[in-house]
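With numbering that gives the first Met the number 0 as the guide, the letters of the sequence shown map in order to residues 0 to 129.
The structure appears below as structure tokens.
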Amino acid sequence: MAHYSNLQHGIHALKCTFEIIAAARYQATPDELIAVQEEIVKSKGKYSTDWKNDKLEKLVMDHGFCIEMAQVLEEDEELSYARRLRLYRFVTMNEEVSATWERVDELSANLFLDKSERQMLKMKKSRRYK
């Protein structure tokens, strides 16, 4: 499992990256992102976002997920593999985030998964549990 301080650093950096993207693209402040998220959750629910067609909605919900994971990490001092994998995929599958993180040496998606977990991702599903 990834180390607590690495997770804490990675989540904070990811949250800040989403805030930078929101400020650049939508001129939105972090407080506005939280307010928009609350409105989305009220109207659609937490898990009914249109992430393929509405980039702002996806950005807002991803930012909210980072805030939520920071709170969970603070309380439990660990995150499940599924949660860490989602954070890892935020970095690796979001072009804007990965482009931003490539510019900074100490930021890497590897903050969220340890070496053996990253190797499992590369294996075909049929070979993982033999």
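Ideal Cβ placement from N, Cα and C applies to all residues, glycine included.
Note that the coordinates shown come from a computational prediction; the quantities given were computed from them, not determined experimentally.
Excluding the 5 residues preceding and the 5 following residue i in the sequence, name in chain order all residues of the same chain whose CB lies nearer than 6 angstroms to its CB.
i: G63; result: Q36
i: Q173; result: This structure gives no information on residue 173, because the portion of the chain shown stretches from 0 to 129.
i: G9; result: L110, F111
Quick one: does residue i have its CB under 8 angstroms from some CB of chain E?
i: I33; result: Checking the listed chains, one finds no chain E in this structure; it contains a single protein chain.
Provide the residue span of the alpha helix (DSSP H) that contains residue i, from first to last.
i: A23; result: 3-25
i: D104; result: Counting along the chain, D104 falls outside any alpha helix (DSSP H), and DSSP gives it neither H nor E.
i: L32; result: 29-43
i: M60; result: 54-75
i: T91; result: 80-92
i: L112; result: Unbroken run through L112: none, as it is neither H nor E.
Roughly how many angstroms lie between the CA atoms of residue i and residue j, to the nearest whole one?
i: L72; j: Q7; result: 7 angstroms
i: V40; j: E18; result: 19 angstroms
i: V96; j: L106; result: 11 angstroms
i: H2; j: H11; result: 14 angstroms
i: K43; j: W50; result: 12 angstroms
i: W100; j: Y80; result: 22 angstroms
i: A22; j: N52; result: 20 angstroms
i: Y25; j: N5; result: 29 angstroms
i: D113; j: M119; result: 10 angstroms
i: N93; j: D104; result: 18 angstroms
Between residue i and residue j, which are expected to be in contact by the criterion C-beta below 8 angstroms, what is the C-beta distance as a whole number of angstroms?
i: L13; j: V90; result: 7 angstroms
i: L84; j: M68; result: L84 to M68, Cβ: 12 angstroms. No contact.
i: I20; j: L55; result: With a Cβ gap of about 10 angstroms, I20 and L55 do not count as contacting.
Looking only at its own chain, which residues have a Cβ that is under 7 angstroms from the Cβ of residue i, when we skip the five neighbours before and after it?
i: I66; result: K14
i: D61; result: F17, F89
i: E74; result: none
i: R102; result: none
What residues in its chain sit with their C-beta under 8 angstroms from that of residue i, if we drop five residues either side in the sequence?
i: E76; result: Y3
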